[in-house]
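This report concerns only the one structure given below.
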Amino acid sequence: MAEFTPARYVVLGLIARHGPMTPYELKARVEDDIQPFWPILHAQLYRIPAELAQAGLLREEAETEGRRRRIFHLTDAGRAALERWLADPDTAEAETRDPAQLKLFFADLGDPADIVALAAQQAERHRKLLAHYASLRGDLDPSADSRQRSRARLLRLGVLHERAHAEFWESVAAGPERLDG
């Protein structure tokens, strides 16, 4: 099997948390839970479970009638691999691929009014995400279970991240020549 990538751990983790799943169900869970901070191509979510099953980390069950879905179950080896990954505090460097930051880098090559328009649009986008994450966080009861506590932690980070981005872009829109906010 190819190197263990974060996407493979996403598949193991979602099946560990939610129980046996089809690739379609994995795709839906990724869209709901993971996509905002770790985009995964849908094609990967159809390919990875079979690879993990071949490696003995998942067990595949194929329906013999009806839609003939492929359902993947976590094996003991898969749970052990997930636990080893979770126990390892080391991670790769964070990746940031923000097209707005790329435009900001080259802003001096364009019309000065473009930076204000870019900043205003980005501030609005980040304010909407901030409100969305705050709403999701408000709907949780972290004392209810460990999943809600995990989601609450991540949503707190999302709120702080979006607040910082919104404030930054608002300051650029208000005074693009200022460098210190």
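Count the sequence shown with the working numbering and you get residues 1393 to 1573, in order. For every residue, glycine included, the Cβ atom is placed at its ideal position computed from N, Cα and C.
Assuming residue i contacts residue j under a Cβ cut-off of 8 Å, what Cβ separation, rounded to an integer in Å, is found between them?
i: tryptophan 1477; j: alanine 1515; result: Going by Cβ atoms, the distance from tryptophan 1477 to alanine 1515 rounds to 37 Å, so no, they are not a contact pair.
i: arginine 1489; j: proline 1415; result: That pair is no contact at about 25 Å.
i: alanine 1544; j: proline 1534; result: 4 Å
In whole angstroms, what is the alpha-carbon distance linking residue i and residue j?
i: aspartate 1572; j: leucine 1496; result: 15 Å
i: alanine 1536; j: leucine 1552; result: 23 Å
i: isoleucine 1407; j: alanine 1558; result: 35 Å
i: tryptophan 1430; j: leucine 1466; result: 22 Å
i: alanine 1394; j: glycine 1567; result: Unreliable positioning characterises alanine 1394 in this predicted model, as indicated by a pLDDT of 49, which lies under 50. The coordinate reading is nonetheless provided below. Alanine 1394 and glycine 1567: Cα-Cα distance of roughly 49 Å.
i: threonine 1397; j: arginine 1459; result: 30 Å
i: leucine 1346; j: glutamate 1457; result: This structure cannot speak to residue 1346, because the chain is shown only from 1393 to 1573.
i: leucine 1546; j: aspartate 1425; result: 10 Å
i: glutamine 1427; j: histidine 1434; result: 11 Å
i: glutamate 1475; j: alanine 1484; result: 18 Å
i: methionine 1569; j: alanine 1556; result: Going by the sequence as given, residue 1569 is glutamate instead of methionine. When rounded, the distance between both Cα atoms is 19 Å.
i: leucine 1532; j: glycine 1405; result: 20 Å
i: leucine 1418; j: arginine 1439; result: 11 Å
i: isoleucine 1507; j: histidine 1518; result: 16 Å
i: arginine 1541; j: alanine 1492; result: 32 Å
i: alanine 1420; j: proline 1481; result: 28 Å
i: phenylalanine 1498; j: alanine 1509; result: 14 Å
i: alanine 1479; j: glutamine 1513; result: 40 Å
i: glutamine 1446; j: aspartate 1468; result: 14 Å
Are residue i and residue j closer than 9 Å when you measure CB to CB?
i: glycine 1470; j: glycine 1448; result: yes
i: alanine 1511; j: valine 1564; result: yes
i: leucine 1437; j: valine 1422; result: yes
i: leucine 1450; j: valine 1402; result: no
i: glutamate 1452; j: proline 1441; result: yes
i: isoleucine 1432; j: alanine 1472; result: no
i: phenylalanine 1464; j: proline 1504; result: no
i: glutamate 1554; j: leucine 1521; result: yes
i: arginine 1409; j: arginine 1529; result: no
Could you tell me which residues DSSP puts in a beta bridge with residue i?
i: glutamate 1452; result: Phe1464
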